[in-house]
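Trainee:
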Amino acid sequence: MPPIIILYCVQPSPKRKQLHDSSAEDDSSPARPAKKASQRKPRKTEEEKAREKAEKEAQKAAKKAETQLKRDMAKQAKADEKENKKRTQDANKLVINKKDTLKDAFIELGASLTTLSFVPALRTKVAEYGCTVSDSPCRDNPSLKQFKNLIRWKRRMTAEFDESTKEFIPLAPGKEYIRTELTCMLYWHAAEIADSKGHILNVVASLRSVLSHKHQVMVMILGWERHKKKRGEKRDVENEFVDLQIERCPVIHVEDEESAVTWIYNLTADLGMKPHKLLQKSYLSFCPNTKITTGIDPNDTFKKMLSQIPMITESAAAGIAEERHTLNTLFEAFEACATDRERSELLFNTEIRYNKDGTSSKRGALKGVLAARVATVMWGEDPLRVVAAGS
127 MPPIIILYCV QPSPKRKQLH DSSAEDDSSP ARPAKKASQR KPRKTEEEKA REKAEKEAQK
187 AAKKAETQLK RDMAKQAKAD EKENKKRTQD ANKLVINKKD TLKDAFIELG ASLTTLSFVP
247 ALRTKVAEYG CTVSDSPCRD NPSLKQFKNL IRWKRRMTAE FDESTKEFIP LAPGKEYIRT
307 ELTCMLYWHA AEIADSKGHI LNVVASLRSV LSHKHQVMVM ILGWERHKKK RGEKRDVENE
367 FVDLQIERCP VIHVEDEESA VTWIYNLTAD LGMKPHKLLQ KSYLSFCPNT KITTGIDPND
427 TFKKMLSQIP MITESAAAGI AEERHTLNTL FEAFEACATD RERSELLFNT EIRYNKDGTS
487 SKRGALKGVL AARVATVMWG EDPLRVVAAG S
């Protein structure tokens with residue numbers, strides 16, 4: 127059988143340009159937007175140019191002012207830090223002369239005391255150091271108006287003591303205030319109380335009922351010894367003086383007005399000195415005294431070291447040294463104690479033969495408070511522990 131030949135006829139494809147012929151396009155396709163003719167930006171007017179220039183200059187000036195403000199604030203902060211540091215150092219300077227504390231003190235006298243003849247002398251004496259004597263002690267407490275023979279003390283507080291850091295923190299300017307001291311005094315002339323049995327006790331009790339329990343009340347009597355010699359013995363009044371002291375109300379006897387002025391002046395200075403003395407004894411438990419002499423031998427050095435502890439006299443130090451011989455022996459004894467209480471009682475009843483003034487000691491032995499203080503100083507690890515009388 128002869129082969130069969132199949133012929134295919136291929137139709138030529140249309141030209142590319144025919145595919146894009148406008149006639150072949152779908153009538154529904156959107157028309158292309160016409161190209162916008164380029165437009166030149168309008169030239170700025172002189173006013174617009176001036177306004178833009180002013181805006182740029184204002185922005186530049188504002189940025190410059192902000193930079194200058196930050197620089198000034200940093201400079202001021204540095205100056206404030208320096209000033210605060212200086213004020214803190216000044217507030218914590220150790221005050222040695224009690225006269226320096228009088229500039230912040232105020233003495234307030236009751237109504238019946240302002241006419242006494244010694245008041246001008248008192249004003250003159252304390253004014254020399256910047257202290258002021260006022261005639262109104264009851265502005266802040268009207269209940270005190272009834273005590274016309276009352277003397278009170280106040281103090282301008284420029285810093286407060288921080289117990290945690292054991293330093294004075296200066297108060298900011300404008301934050302200073304006046305604080306009333308917790309000590310006051312009643313003043314009588316001997317002739318006023320000679321025939322008034324129980325009068326002083328009643329007045330003191332009445333004053334304490336008005337004040338807080340923290341206040342220390344004192345009594346000053348002028349010319350009692352001289353009055354007693356002229357008028358005879360006044361046993362009832364003497365017994366009243368004893369009762370006052372039993373109730374922790376010190377009685378101060380002065381024989382003339384000059385002595386009264388001196389006493390009031392010294393009390394004013396001592397009240398201002400009290401916090402500084404506490405601060406002084408808060409540091410360097412071994413060395414509150416700045417004039418320490420060297421010992422002639424190890425035992426003498428040991429005794430001198432012990433005598434630097436507050437309230438430990440030379441006789442008490444000698445008794446401890448005689449019992450424990452050396453510092454190493456004392457430390458070994460403390461180390462052998464199992465508890466802090468045992469250490470506090472280790473030196474209890476150590477023999478004391480003499481008082482500080484050389485007289486024979488009536489106590490005869492070291493008491494518990496002083497024995498515990500020696501243990502605190504020698505064995506304690508807290509560098510900020512207050513070591514002073516009463517601590």
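Here my numbering is used: the first residue of the sequence shown is 127, the next is one more, and so on.
Ideal placement from N, C-alpha and C gives every residue a C-beta, glycine not left out.
For clarity, every value in this text was computed on a predicted model and none was experimentally measured.
Output the distance between the C-alpha atoms of alanine 497 and glutamate 507, rounded to the nearest integer angstrom.
Mentor: Whole-angstrom Cα-Cα distance: 17 angstroms.
Trainee: With DSSP as the reference, label methionine 399 as helix, strand or coil.
Mentor: In this structure, methionine 399 counts as helix in the three-state DSSP scheme.
Trainee: Can you check which of these residues, Gln272, Gly236, Thr227 and Leu195, is closest to alanine 253 by C-alpha distance?
Mentor: Among Gln272, Gly236, Thr227 and Leu195, the Cα nearest to that of alanine 253 is on Thr227.
Trainee: Determine the direct distance from the alpha carbon of alanine 317 to that of threonine 284, and round the result to whole angstroms.
Mentor: The straight-line gap from Cα to Cα measures roughly 42 angstroms.
Trainee: Quick one: give me the first and last residue of the beta strand (DSSP E) that isoleucine 295 is part of.
Mentor: From DSSP, the beta strand (DSSP E) with isoleucine 295 extends over 293-296.
Trainee: Checking 8 angstroms against the spacing of the C-beta atoms, do valine 343 and valine 377 come in under that value?
Mentor: Contact: no.
Trainee: To the nearest angstrom, how far is the alpha carbon of leucine 276 from that of arginine 213?
Mentor: When rounded, the distance between both Cα atoms is 36 angstroms.
Trainee: If contacts are defined as beta-carbon pairs under 8 angstroms, then phenylalanine 428 and alanine 447 qualify, I think. What distance do you get, rounded to the angstrom?
Mentor: Going by Cβ atoms, the distance from phenylalanine 428 to alanine 447 rounds to 5 angstroms, so yes, they are a contact pair.
Trainee: Going straight from the alpha carbon of serine 470 to that of isoleucine 319, what length do you get?
Mentor: Between serine 470 and isoleucine 319, the C-alpha separation is close to 48 angstroms.
Trainee: According to DSSP, which residues form a beta bridge with cysteine 310?
Mentor: Per DSSP, Arg278 and Val343.
Trainee: Check serine 148 in the structure and name its three-state DSSP category.
Mentor: Its pLDDT being 49, under 50, serine 148 is placed unreliably in this model, and the value from its coordinates should be taken loosely. Reduced to three states, the DSSP call for serine 148 is coil.
Trainee: Between the segment 360-368 and the segment 333-341, do three or more beta carbon pairs fall short of 8 angstroms?
Mentor: The segment 360-368 vs the segment 333-341: no contact.
Trainee: What does the Cβ neighbour count give for isoleucine 372, buried or exposed, with the cut at 16 atoms within 10 Å?
Mentor: Isoleucine 372 is exposed by the Cβ-count criterion.
Trainee: For the candidate residues Leu397, Ile347 and Thr309, whose alpha-carbon lies nearest to that of serine 338?
Mentor: The shortest Cα separation from serine 338 among Leu397, Ile347 and Thr309 belongs to Thr309.
Trainee: DSSP three-state label for serine 470, please.
Mentor: Three-state result, serine 470: helix.
Trainee: Below 7 angstroms CB to CB, which residues in the same chain sit around proline 401 once its five sequence neighbours on both sides are set aside?
Mentor: So the list reads Phe287, once near-sequence residues are dropped.
Trainee: From Pro296, Leu456 and Trp505, pick the residue whose C-alpha is nearest to that of aspartate 466; which is it?
Mentor: Aspartate 466 has its Cα closest to that of Trp505, out of Pro296, Leu456 and Trp505.
Trainee: How long is the line joining the alpha carbons of lysine 355 and lysine 292, rounded to whole angstroms?
Mentor: Approximately 52 angstroms, taken between the alpha carbons.
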